[in-house]
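Counting in my numbering, the sequence shown runs from 263 upward without gaps.
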Amino acid sequence: MIKTIAIIQARMASSRLPDKVLLEIGGRPMLAWVVERTQRANLVDKVIVATTTDSSDDPVAAFCSDHGYTVTRGSQHDVLDRYYQTARSYSPDRIVRITADCPLLDSALVDETIQVLDKAQFPASNYQSFDFSTNRLPLPWGRTYPIGLDVEVFTWDALQRAWHETEKTHQREHVTPYFYEDIPAEQLRFRENNASPATGTSSQEFRVALLHYKKDYGHLRWTVDTPEDLSFVREVIARLDNENEFTWLDILALLQREPELMNINASVQHKTHLDVDKRSH
């Protein structure tokens with residue numbers, strides 16, 4: 263039985279780095295890194311790449327088919343619908359949301375985020391179940407893991423509700439804001455030396471858990487959205503011998519040894535959850 267599916271959203275169109283999902287990193291397309299690193303998660307039963315029906319994404323679909331990756335196609339701009347239509351074929355208990363611009367993703371963090379939703383880390387007597395768990399939220403809620411290690415997990419019931427109830431463009435494009443965006447930021451912010459999840463409940467009664475690391479590394483940028491980001495990730499992976507066994511802590515140790523690497527993409531501004539693709543209007 264498939265209880266947990268990971269859906270990786272991937273498309274060729276990108277305003278700042280066109281065709282980025284198939285650009286080469288360490289001798290392989292970026293999408294291959296993301297798929298393989300997601301597949302390493304012990305608690306994920308199936309990994310699916312969800313691209314769009316637009317002809318520009320034919321290369322994504324072809325690449326997946328050629329490499330034996332399960333691929334679905336759906337709406338270009340209504341990404342929430344793309345997730346819903348993909349997930350409904352499996353009726354899973356939970357869905358992991360991954361984006362294809364995170365080639366440094368750590369499978370251990372995927373498992374940890376699933377475990378929070380599954381209450382595996384908490385005594386049953388003190389535990390309140392969650393509808394949505396994540397290790398990242400945009401400002402003003404904040405994050406302590408580097409940008410590019412992003413994992414979001416939500417129940418099938420929560421996804422169905424969001425699909426039926428959301429109408430705002432940014433909620434449809436970014437999939438999960440409906441779960442958390444009216445929770446006071448103070449409830450979910452990092453507390454120094456506290457690695458426990460911060461929790462809150464939205465006005466729609468979604469129970470949310472935000473995982474924090476014991477130190478704040480949320481300013482570090484490890485995602486790929488610009489040419490500078492791509493150069494940074496290529497340099498990191500080259501120094502890790504182009505192997506796929508490394509963890510996020512290995513990267514952190516590398517950057518502590520060679521802090522100058524962080525200058526490569528230090529000037530890049532991260533998008534917010536309210537930014538939408540203006541090509542959809």
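Note that the Cβ used here is the ideal one computed from N, Cα and C, for glycine as well.
Just mark Gln-531 as buried or exposed, buried being the case when its beta carbon has 16 or more other beta carbons within 10 Å.
exposed
Within 10 angstroms of the Cβ of Arg-519, are there 16 or more other Cβ atoms? Answer buried if so, exposed if not.
Answer is exposed; the Cβ neighbour count stays below 16.
Determine the direct distance from the alpha carbon of Ile-360 to that of Arg-469, and round the result to whole angstroms.
20 Å
Can you tell me where the beta strand (DSSP E) holding Arg-299 begins and where it ends?
Counting along the chain, Arg-299 falls outside any beta strand (DSSP E), though it belongs to the alpha helix (DSSP H) covering 292-301.
Counting pairs of Cβ atoms below 8 Å between the region 411-419 and the region 306-317, do you hit three or more?
no
Let me confirm a value: Asp-571 is counted as buried when at least 16 other C-beta atoms fall within 10 Å, else exposed. Which label applies?
What is shown of the chain runs 263 to 543, which leaves residue 571 out entirely.
Relative to the C-alpha of Pro-408, which residue among Pro-280, Glu-286, Trp-510 is closest?
Trp-510
Should the region 333-350 be called in touch with the region 428-447, which here means at least 3 C-beta pairs below 8 Å?
yes
Within 10 Å of its beta-carbon, does Ser-395 have 16 or more other beta-carbons around it, so buried, or fewer, so exposed?
It is buried - the Cβ of Ser-395 has at least 16 other Cβ atoms within 10 Å.
Leaving out five residues before and five after Thr-463 in sequence, what residues of the same chain have Cβ atoms less than 6 Å from its Cβ?
Arg-469
For a minimum of 3 consecutive residues, which ranges assigned as the beta strand (DSSP E) are wholly contained in the region 468-516?
If we require 3 residues or more, the beta strand (DSSP E) runs fully inside the region 468-516 come out as 469-472.
Do the region 298-312 and the region 263-271 make contact, defined as three or more Cβ pairs closer than 8 Å?
yes
At what residue ranges does the region 395-480 contain a whole run of the alpha helix (DSSP H), taking only runs of 4 or more?
Qualifying alpha helix (DSSP H) stretches, in chain order: 418-427, 431-436, 439-442, 447-450.
What three-state label does DSSP hand Thr-375 in the structure shown?
It is helical.
Which first and last residues belong to the beta strand (DSSP E) in which Val-333 is found?
332-336
What does the alpha-carbon distance come out to for the pair Ala-282 and Gly-289?
Residue identity differs from the one stated: residue 282 is Lys in this sequence, not Ala. Straight-line spacing of the CA atoms in Lys-282 and Gly-289 works out to 14 Å.
Which residue marks the beginning of the alpha helix (DSSP H) containing Arg-344, and which one marks its end?
341-349
Helix, strand or coil for Lys-282? Go by DSSP, reduced to three states.
helix
Closer than 8 Å by C-beta to Ala-386: which residues in its own chain qualify, once you throw out the five before and the five after it? Chain order, please.
Residue confidence is low: Ala-386 scores 48 on pLDDT, short of 50, so the model does not pin down where it sits. Its coordinate-derived value is still stated next. The answer is none, since no qualifying residue turns up.
Give every residue of the same chain whose Cβ lies closer than 8 Å to the Cβ of Pro-446, excluding the five residues on either side of it in the sequence, and list them in chain order.
Around Pro-446: Gly-462.
Looking only at C-alpha atoms, which of Phe-508, Asn-504, Asp-503, Leu-492 sits nearest to Arg-278?
Ranked by Cα distance from Arg-278, the options Phe-508, Asn-504, Asp-503, Leu-492 are led by Leu-492.
Can you tell me which of the three DSSP states Val-306 falls into?
coil
Per DSSP, which residues does Val-530 bridge with? Please list them.
Paired residues: none, contrary to the question.
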